[in-house]
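Peer 1:
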Amino acid sequence: MDNLRNADASFFGMLGFYASGFLNLSSKETYKLCQEGAILLDVRMPYFVVFKGFGVPQVYLFPCPNWSKK
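Note that the numbering used here has the sequence shown beginning at 306, numbered continuously upward.
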């Protein structure tokens, strides 16, 4: 786990916080990273995001059940 946190720290700097072992970024932090060229890979099921819109063009939807099909 420490190796992952070190890798995250070298990429994300001082952004975000850890909860349950996962790095979480605020919407402002995420938007800033996307403006700098980062992309978002959204792995949630479509019914979780159908009514949510993102004003960021670099969002790719790839629900996790599709992983076994690709």
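From the three backbone atoms N, C-alpha and C, an ideal C-beta is built for every residue, glycine too. Just so you know, these numbers come straight off a predicted model, no measurement behind them.
Taking the beta carbon of L338 as the centre, do at least 16 other beta carbons fall within 10 Å, making it buried, or is it exposed?
Peer 2: Indexing the sequence shown from 1 puts residue 338 at position 33. Buried is the call here.
Peer 1: Which first and last residues belong to the alpha helix (DSSP H) in which L338 is found?
Peer 2: If you number the sequence shown from 1, residue 338 lands on position 33. It spans 332-340 - the alpha helix (DSSP H) in which L338 sits, taken as one unbroken run.
Peer 1: By the three-class DSSP mapping on this structure, what secondary structure does F317 have?
Peer 2: Your numbering for residue 317 matches position 12 in the sequence shown. In the structure shown, F317 sits in a helix (DSSP, three-state: H, G or I).
Peer 1: If you check the beta carbons only, do L346 and T335 fall under 8 Å apart?
Peer 2: As a position in the sequence shown, residue 346 is number 41, starting the count at 1. As a position in the sequence shown, residue 335 is number 30, starting the count at 1. No. Outside cutoff.
Peer 1: Whose CA, out of L330, M319, K333, V348, lies closest to the CA of Y365?
Peer 2: Within the sequence shown, numbered from 1, the residue matching residue 365 stands at position 60. Y365 has its Cα closest to that of V348, out of L330, M319, K333, V348.
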